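Residue numbers (this note's numbering): 61 to 147.
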C-alpha cells in the first residue's frame, strides 16, 4: 500500500499527522495562556479601585506593582497630583 493510500485510509498512523497535531496543540495552548493572561490583567486594571480602594506608593521599595506603575503613568499624563499618597 502506497503512502497516499495509507493517508486516505488511516491518516492518524502517519508521523506527519502526529507532528501537525503536536504543533497545533502547542500553538493553541500558548495562545490560550496568552488570552487568559490578558483577560485577567485587564480585569484587574478595570476593577482596581474596587479591589484596592486605598493604595500608597512604597517609598522604600523599588519594586512597584503593575497597578501602581499604571497609576503613576496616568497621573503624569493627566497633569494632576493623582490618587496615590506617599508613605
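The C-beta atom is built at its ideal place from N, Cα and C for all residues, glycine as well.
Computed from a predicted structure; not experimentally measured.
Pairwise C-alpha distance: residue j and residue i
i	j	result
residue 82	residue 99	26 Å
residue 94	residue 85	14 Å
residue 140	residue 92	In this prediction, residue 140 scores a pLDDT of 48, lower than 50, which makes its location untrustworthy; no coordinate-derived value is stated.
residue 90	residue 96	10 Å
residue 87	residue 74	20 Å
residue 62	residue 76	15 Å
residue 101	residue 72	39 Å
residue 80	residue 70	15 Å
Proximity to residue i [Cα-Cα], best of the options
i	options	result
residue 104	88, 65, 74 and 130	130
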